[in-house]
Amino acid sequence: GSSALAGATVTMEARRIADPPATPIGFTLLDNGGVADDTAGDGLYSGEFTPTVAGDYSVLAIITGTAPGGVSYTRHAMTQIKVVAPTSTLTGNVGDQGIDDNADGLFDRVALSIQTNTVVAGNYSLVAHLKTASGKRLSRGIQVSFPTGLATVSIDFEADVFIQAGENGPYAIELIELFYLGEDATI
């Protein structure tokens with residue numbers, strides 16, 4: 169049915185569609201609340217697959233477990249994905265700083281400094297998502313033109329956004345997204 173089932177085992181197999189057929193890459197999806205999974209035991213499984221070659225891939229999931237009534241089950245699901253060569257990546261170097269623009273002793277904004285490493289020069293969209301202790305989400309984004317190489321760009325969260333959230337903190341960086349818009353996209 170539509171109910172999530174906790175306690176399953178989800179094994180994955182990704183195979184690049186090629187001639188001759190490529191060797192499959194195996195990985196497991198987890199429901200453990202770890203790095204790739206949001207909440208442990210919620211019946212939603214997450215994992216990561218990092219291909220080394222661009223191209224079309226078929227991805228097979230084999231799900232096994234025992235339903236609440238004690239019945240064992242096995243399910244198979246398959247999809248296809250297209251992997252493209254990276255245009256720019258997030259390096260993982262992120263800083264934050266409170267900024268007092270009018271020198272009144274209060275922060276007017278919090279600036280996130282985000283470093284990228286760009287292979288294909290062009291226009292990009294960069295979006296940062298913050299999460300409060302109670303689960304409220306704040307998002308801000310910019311569009312920027314990156315040359316090739318390392319670059320650091322700032323995304324500002326204005327003080328009003330934090331006031332409207334009604335929480336003084338802490339705020340965690342939940343997600344940073346980087347999208348290639350192309351060479352000719354208008355910024």
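To convert a position in the sequence shown, counted from 1, into my numbering, add 168. For each residue, glycine too, the CB sits at the ideal point set by N, CA and C.
Residue i burial status per 10 Å Cβ neighbour count (16 or more: buried)
i, result
"M180", "buried"
"A301", "exposed"
"R243", "exposed"
"T320", "exposed"
"T284", "buried"
"V239", "exposed"
"I185", "exposed"
"L197", "buried"
Given residue i as reference, the closest of the options once Cα atoms are compared
i, options, result
"P189", "S214, L173, G233, G223", "G223"
"Q332", "G266, I310, I341, L306", "L306"
"F325", "T247, G309, D199", "G309"
"V287", "A296, A253, P192", "A253"
"V251", "A172, E351, V203, T220", "T220"
"N270", "S170, Q311, A327, Y241", "A327"
"G194", "I230, I282, Y213", "I230"
"D264", "A172, G215, P338, D187", "P338"
"A174", "Y213, A245, Q311, S322", "Y213"
Reduced DSSP secondary structure (H/G/I, E/B, other) of residue i
i, result
"F217", "coil"
"V329", "helix"
"I185", "coil"
"E342", "strand"
"V275", "Just to set this straight, residue 275 is Phe in the shown sequence, not Val. Here F275 sits in coil by DSSP."
"A253", "coil"
"D268", "coil"
"D205", "coil"
"D224", "strand"
"G309", "strand"
"A229", "strand"
"A174", "coil"
"L280", "strand"
"A235", "coil"
"T286", "strand"
Short Cβ contact (9 Å threshold) for residue i with residue j
i, j, result
"A289", "P315", "yes"
"S293", "L228", "no"
"Y348", "T218", "no"
"D199", "A235", "no"
"I341", "L274", "no"
"R183", "Y225", "yes"
"E335", "K304", "yes"
First through last residue of the beta strand (DSSP E) which encompasses residue i
i, result
"N291", "290 to 300"
"G337", "No beta strand (DSSP E) contains G337, which DSSP labels as neither H nor E."
"T191", "Here T191 belongs to no beta strand (DSSP E), and DSSP marks it neither H nor E."
Within-9 Å CB hit, residue i to chain B
i, result
"V178", "Of the protein chains in this structure there is only one, and it is not chain B."
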